[in-house]
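Q: First the structure, then my questions, so here it is.
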Amino acid sequence: MTPTAGAPAGDLRLVELTKDFGSAVAVDCLSLTIPAGSFFALLGPSGCGKTTTLRMVAGLEEPTSGRIYLGDDDVTDRKAYKRPVNTVFQNYALFPHLNVFDNIAFGLRRRGVKDVKAQVDRMLDVVELQGFGVRRPSQLSGGQQQRIALARALINTPQVLLLDEPLGALDLKLRRQMQLELKRIQTDVGLTFVHVTHDQEEAMTMADTIAVMNNGKIEQLGSPVDLYENPSTVFVANFLGQSNLVAAQIVGTQGADLLLDVQGRKLTMPAARNCATGDSVYVGVRPEKVRLVPAGASVDLPGHNVLDGVVIDASYTGVTTQYVVRMAWGQDLMVIAANVGNEVRLTAGANAHLVWDASDTFGLEATGDIAEGIETIDEAGS
Amino acid sequence: MATTLSRPAARAASAAPARRPRRQSWLRRHVVQIFAAVALLYMFLPVAYVIAFSFNNPSDRYNSTWNSFTFSNWTDVCGPAGVCDSLKLSLEIGALATLGATVLGTLIAFALARRRFGGRATTNLLIFLPMATPEVVMGSSLLTLFVNLQVPLGFWTIVIAHITFDISFVVVTVKARLQGLDSRLEQAAMDLYANEWQTFRRITFPLVFPGILGAALLAFSLSFDDFIITNFNSGQTVTFPMFVWGASLRSIPPQVNVVGSIMFVASLGLALVGQVFYRRRRA
Ligand SMILES: Nc1ncnc2c1ncn2[C@@H]1O[C@H](COP(=O)(O)OP(=O)(O)OP(=O)(O)O)[C@@H](O)[C@H]1O
Ligand SMILES: [Mg+2]
């Protein structure tokens, strides 16, 4: 059986997929359905098993257990070259002894396509490297090599394209441009893209669905809005954007709301937004949802939560001002205020109230480290 | 190094004080080239001697004193009995031994570098043994083996003996090249619809080929050159090194120098072609 480009696409399904390297379980019983034609992003910290997952889908790594389906076909035991799947490798893996043209034409030629010139030239256009066909990979910059790796995979229009951080080496302008180009190709041709990235913004802007991975497992899966607005684990709340999380106790209910106790202060939260099962929860709110009000002003608004603290840092970033406010019990919370022009600017040392709509509050299971996922943001951003 | 440099510099200083700093820095700057030149001179003086005396019209039996210039040795290489016969034999043996050792050695190298199998570590170790064994030991043990098995000594026993010691060198050379090859390149080829054979033909082989070629050249020169092991296992057969050795006991015809010169020029030519080819591929 030979793979055919543009064959009737089916969903990519991973069923209880596990990869145990002996020294480490890289992918841990992962189940996932990626709908045909969707742009799917895998987001997660370094070493969480993203590359290993892609390699198993490509057929380059044998799963320890579990199955992989493409549509109705079980492809788990199928050789890599018989899968209608192509990969853009994290380290490019361009063939050093072939020039750029032959690198890009490689897949087409292996499938017996004779006249490849027009297609390769069009692909060189897409990645903006016209005239580079005669060069060797060693004569290209990192970003150029990355674009050739992209072209080499894209030209085959596979059912599923696996992209392992395909834009990591590009500067911001080229990156945005390539993101648009990728998105355009994906919608035009209707391919399924599985895109691994460290760049949250890239995942948010490009993907239909994002899966946040941690320690070989999917922490949460959903649309970008869904993930950001309704994180269901501490890791996701901290890894995707920033969150203010504080430990709280559920002390009662009031209609559709839960009453909470945080270090003696009373807060409320919609019961529907509580993911925790017990009475101990971590309650959270996104920093841009919080308003900072100078101490003394009236804050007795119905349906709002209030906490008091002291501003210890205010940094102006242009569009926003970011405040760090220390609570009486020593925890620092973050407030991001949009600089719309008429707000009162607070300076370090000022006493302030943190005010937010109670419906913006979410509750998470209070197991594990409240800071889980924070460190990795810095790593990923650097 | 400082003392050897300061002495001539000091002498120069007394002669022309004004130029002293320049002189010293010239020496400093060229010290590497000077050492290289001396080393090359040391290495190539014997070769130059061989080439020069291939044009000698010897007055004595050993072609050791310069008499007069002549081209006749070059125009009549096969003149003295045995020169061309033994040369042809050595070339044939070299070619066969190279072929056998390169094919077998390359296969072993692939197995050792790419497969996990029982006895792999032992094989890795044993493959070094022929390189470490003194040639006298190896030659005499092979002779014992052939005699015990009642294999008639001659052309084929020499070929077998040469393959035996050539294989180790081929395995080591090719394996080094294979281990330097990123296996992700082969995976990328598989991902791009190349089956196992196509991956080998299009990716693995072209990338490992320089190593195989180098190994083959090494195997050939080792085989062509070998005297000790050959001498044990040759029976009545006379290879070129054996001919030269035998001749040197009585008289050395200047044609031996011609053959030596040709070998030298040929290997120099090969090296140059290789360099040009390599540069072209990189460019
Ligand atoms: N061949 C291997 N042998 C042993 N362990 C491996 C192997 N490949 C990966 N691992 C381990 O599996 C885990 C997941 O690796 P993987 O390459 O999938 O991470 P990743 O999510 O792609 O990380 P990154 O973002 O840094 O590329 C890591 O802990 C890694 O050390
Ligand atoms: Mg990776």
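Chains X and R are the protein sequences, given in the same order. Numbering-wise (the numbering used here), the first sequence opens with residue 1 and increments by one. Numbering-wise (the numbering used here), the second sequence opens with residue 1001 and increments by one. We put the beta carbon where it would ideally sit given N, CA and C, even for glycine. Every value quoted in this text rests on a predicted model; they were computed, and no experiment measured them.
1. Under 7 Å Cβ-Cβ, which residues of chain R neighbour X/His-97?
2. Please classify X/His-195: is it buried, with 16 or more other beta-carbons within 10 angstroms of its beta-carbon, or exposed?
3. Under 7 Å, do X/Ile-210 and X/Glu-288 count as touching if we go by C-beta distance?
4. Report yes or no: is there a C-beta of chain R within less than 7 Å of the C-beta of X/Leu-60?
5. Assuming X/Tyr-69 is part of the beta strand (DSSP E), what are its boundary residues?
6. Is X/Ser-65 near ligand 1, in the sense that its beta carbon is under 6 Å from a heavy atom of that ligand?
7. Quick one: residues with CB closer than 7 Å to any heavy atom of ligand 2, in chain order, please.
8. Can you pull the chain X neighbours of R/Ile-1203, defined as C-beta to C-beta under 7 Å?
9. If you compare alpha carbons, which of X/Ser-280, X/Leu-94, X/Ile-185, X/Gly-71 is closest to X/Gln-144?
10. Drop a sphere of 10 angstroms on the beta-carbon of X/Val-134, count the other beta-carbons inside from all chains shown, and report buried for 16 or more, exposed for fewer.
11. How far does the alpha helix (DSSP H) with X/Cys-29 in it reach, from first residue to last?
12. With a cut-off of 7 Å, does the C-beta of R/Tyr-1278 fall near any C-beta of chain C?
13. Return the residue from the list R/Trp-1156, R/Ala-1081, R/Asn-1148 that minimises the CA-CA distance to R/Glu-1092.
14. What's the call for R/Met-1001, buried or exposed, on a 16-neighbour Cβ count within 10 Å?
15. At which residue ranges does the region 1028-1056 of chain R contain complete alpha helix (DSSP H) runs of 4 or more residues, listed in the order of the chain?
16. Using a Cβ-Cβ cutoff of less than 6 Å, which residues in the same chain neighbour X/Val-299 once the five nearest sequence positions on both sides are dropped?
17. Where do the N-terminal and C-terminal ends of the beta strand (DSSP E) with X/Leu-364 fall, by residue?
18. Just to check, is the beta-carbon of X/Ser-46 closer than 6 Å to a non-hydrogen atom of ligand 1?
19. Can you confirm whether R/Asn-1195, when its beta carbon is compared against all beta carbons of chain X, has any partner nearer than 7 Å?
20. So, with DSSP's three-state summary, where would you put X/Glu-165?
21. Starting from X/Lys-50, follow the alpha helix (DSSP H) in both directions and report where the run begins and ends.
22. Taking 7 Å as the threshold (beta carbon to beta carbon), is X/Ala-80 in contact with chain R?
23. Out of R/Thr-1133, R/Ser-1064, R/Tyr-1042, R/Arg-1029, state which residue places its alpha-carbon closest to the alpha-carbon of R/Pro-1254.
24. Bridge partners of X/Gly-252, per DSSP?
25. Quick one, which of X/Phe-39, X/Leu-30, X/Ser-46 has its alpha-carbon nearest X/Thr-385's?
26. Residues of chain X with a CB under 9 Å from the CB of R/Leu-1145: which are they?
27. Looking at R/Ser-1234 and ligand 1, is the gap between the Cβ and the nearest heavy atom below 6 Å?
28. For X/Thr-51, which option in X/Leu-258, X/Tyr-92, X/Asp-73 has the closest C-alpha, if you only look at C-alpha atoms?
29. Could you check whether X/Gln-220 and X/Val-212 sit closer than 7 Å to each other, using their CB atoms as the reference points?
30. Measuring only the C-alpha atoms, how far is X/Gly-241 from X/Pro-231?
31. According to a CB-to-CB cut-off of less than 8 Å, which residues of the region 1164-1190 of chain R neighbour chain X?
32. With hydrogens ignored, establish whether the beta-carbon of X/Ser-23 is closer than 6 Å to any heavy atom of ligand 1.
33. Are the CB atoms of R/Tyr-1278 and X/Arg-110 within a distance shorter than 7 Å?
34. Please work out which residues of its chain come closer than 6 Å, Cβ to Cβ, to X/Val-116, disregarding the five sequence neighbours upstream and downstream, and give them in chain order.
35. Which partner residues of X/Val-335 appear in the DSSP bridge assignment?
36. In the DSSP assignment, find the alpha helix (DSSP H) that holds R/His-1162 and state where it starts and stops.
A: Reading from the atomic positions:
1. In the first sequence, residue 97 of chain X corresponds to position 97, counting from 1. Simply Pro-1206, Leu-1207.
2. Looking up residue 195 of chain X in the first sequence gives position 195. Buried: at least 16 other Cβ atoms inside 10 Å.
3. In the first sequence, counting from the first residue as 1, residue 210 of chain X sits at position 210. In the first sequence, counting from the first residue as 1, residue 288 of chain X sits at position 288. Contact check for X/Ile-210 against X/Glu-288 fails: the beta carbons are separated by 7 Å or more.
4. Mapped onto the first sequence, residue 60 of chain X falls at position 60. Judged by the 7 Å Cβ criterion, X/Leu-60 is in contact with chain R.
5. In the first sequence, the residue the question calls residue 69 of chain X occupies position 69. Note, X/Tyr-69: beta strand (DSSP E), 65-70.
6. The count along the first sequence starts at 1 and reaches residue 65 of chain X at position 65. Not one heavy atom of ligand 1 is found less than 6 Å from the C-beta of X/Ser-65.
7. Sorted by chain position, residues whose beta-carbon lies closer than 7 Å to a non-hydrogen atom of ligand 2 are X/Lys-50, X/Thr-51, X/Gln-90, X/Asp-164, X/Glu-165, X/Val-196.
8. Walking along the second sequence from the start, residue 1203 of chain R turns up at place 203. Within 7 Å of the CB of R/Ile-1203, the CB atoms of chain X belong to Phe-95, in sequence order along the chain.
9. What you label residue 144 of chain X is simply residue 144 of the first sequence in a count that begins at 1. Just measuring C-alpha positions, the residue of X/Ser-280, X/Leu-94, X/Ile-185, X/Gly-71 sitting nearest X/Gln-144 is X/Leu-94.
10. For the purposes of this step, residue 134 of chain X is taken as residue 134 along the first sequence, with counting starting at 1. By the 10 Å Cβ count, X/Val-134 comes out exposed.
11. Working through the first sequence from its first residue, we reach residue 29 of chain X at position 29. Premise fails: X/Cys-29 lies in the beta strand (DSSP E), 25-34, not in any alpha helix (DSSP H).
12. Here chain C cannot be found, since the structure's protein chains are X and R.
13. Within the second sequence, numbered from 1, the residue matching residue 1092 of chain R stands at position 92. Out of R/Trp-1156, R/Ala-1081, R/Asn-1148, R/Trp-1156 has the C-alpha closest to the C-alpha of R/Glu-1092.
14. Translated into positions along the second sequence, residue 1001 of chain R becomes position 1. Only weak support is given to the placement of R/Met-1001: the predicted model assigns it a pLDDT of 38, under 50, and the question is left unresolved by the model.
15. The qualifying runs do not exist here; there are none.
16. Along the first sequence, read from residue 1 onward, the residue named residue 299 of chain X stands at position 299. Counting only Cβ-Cβ distances below 6 Å, and skipping sequence neighbours, we find Val-293, Val-306, His-353, Val-355.
17. Numbered from its first residue, the first sequence carries residue 364 of chain X at position 364. Per DSSP, the continuous beta strand (DSSP E) segment holding X/Leu-364 begins and ends at 362-365.
18. For the purposes of this step, residue 46 of chain X is taken as the residue at position 46 of the first sequence. Yes, ligand 1 has a heavy atom inside 6 Å of this Cβ.
19. Position 195 of the second sequence holds residue 1195 of chain R. Yes, R/Asn-1195 lies at the interface with chain X (some Cβ there is under 7 Å from its Cβ).
20. As a working mapping, residue 165 of chain X is identified with position 165 in the first sequence. If DSSP states are grouped into helix, strand and coil, X/Glu-165 belongs with coil.
21. The residue you call residue 50 of chain X lines up with position 50 of the first sequence. Here the alpha helix (DSSP H) through X/Lys-50 covers 50-58.
22. Numbered from its first residue, the first sequence carries residue 80 of chain X at position 80. Yes - at least one Cβ of chain R is within 7 Å of the one on X/Ala-80.
23. As a working note, residue 1254 of chain R is residue 254 in the second sequence. When each option's Cα is compared against that of R/Pro-1254, the closest is R/Ser-1064.
24. If you number the first sequence from 1, residue 252 of chain X lands on position 252. BP columns for X/Gly-252 point to X/Leu-259.
25. Missing from the structure shown is residue 385 of chain X; chain X here goes from 1 to 382 and no further.
26. Reading the second sequence from its first residue, position 145 is the one you call residue 1145 of chain R. Chain X residues near R/Leu-1145: none, gap ~43 Å exceeds 9 Å.
27. As a working mapping, residue 1234 of chain R is identified with position 234 in the second sequence. Relative to ligand 1, the beta carbon of R/Ser-1234 is positioned no closer than 6 Å to any heavy atom.
28. Indexing the first sequence from 1 puts residue 51 of chain X at position 51. Nearest in C-alpha terms to X/Thr-51, of all of X/Leu-258, X/Tyr-92, X/Asp-73, is X/Tyr-92.
29. Residue mapping note: residue 212 of chain X aligns to position 212 of the first sequence, counting from 1. Residue mapping note: residue 220 of chain X aligns to position 220 of the first sequence, counting from 1. Against a cut-off of 7 Å, the Cβ pair of X/Gln-220 and X/Val-212 comes out as a contact.
30. Position 241 of the first sequence, counted from the first residue, corresponds to residue 241 of chain X. Position 231 of the first sequence, counted from the first residue, corresponds to residue 231 of chain X. Straight-line measurement puts the Cα of X/Pro-231 at about 10 Å from the Cα of X/Gly-241.
31. Residues of the region 1164-1190 of chain R that bring their beta carbon within less than 8 Å of a beta carbon in chain X comprise Asp-1182, Arg-1184, Leu-1185, Gln-1187, Ala-1188, Ala-1189, Met-1190, in sequence order.
32. In the first sequence, residue 23 of chain X corresponds to position 23, counting from 1. Yes; taking the cut-off as 6 Å, the Cβ of X/Ser-23 has a heavy atom of ligand 1 nearer than that.
33. Numbered from its first residue, the first sequence carries residue 110 of chain X at position 110. Numbered from its first residue, the second sequence carries residue 1278 of chain R at position 278. Here X/Arg-110 is not near R/Tyr-1278, since their CB atoms are 7 Å or more apart.
34. The residue you call residue 116 of chain X lines up with position 116 of the first sequence. For X/Val-116, where only same-chain residues beyond five positions count, the Cβ hits under 6 Å are Ala-105, Leu-108.
35. As a working note, residue 335 of chain X is residue 335 in the first sequence. X/Tyr-323.
36. Within the second sequence, numbered from 1, the residue matching residue 1162 of chain R stands at position 162. First-last of the alpha helix (DSSP H) with R/His-1162: 1155-1179.
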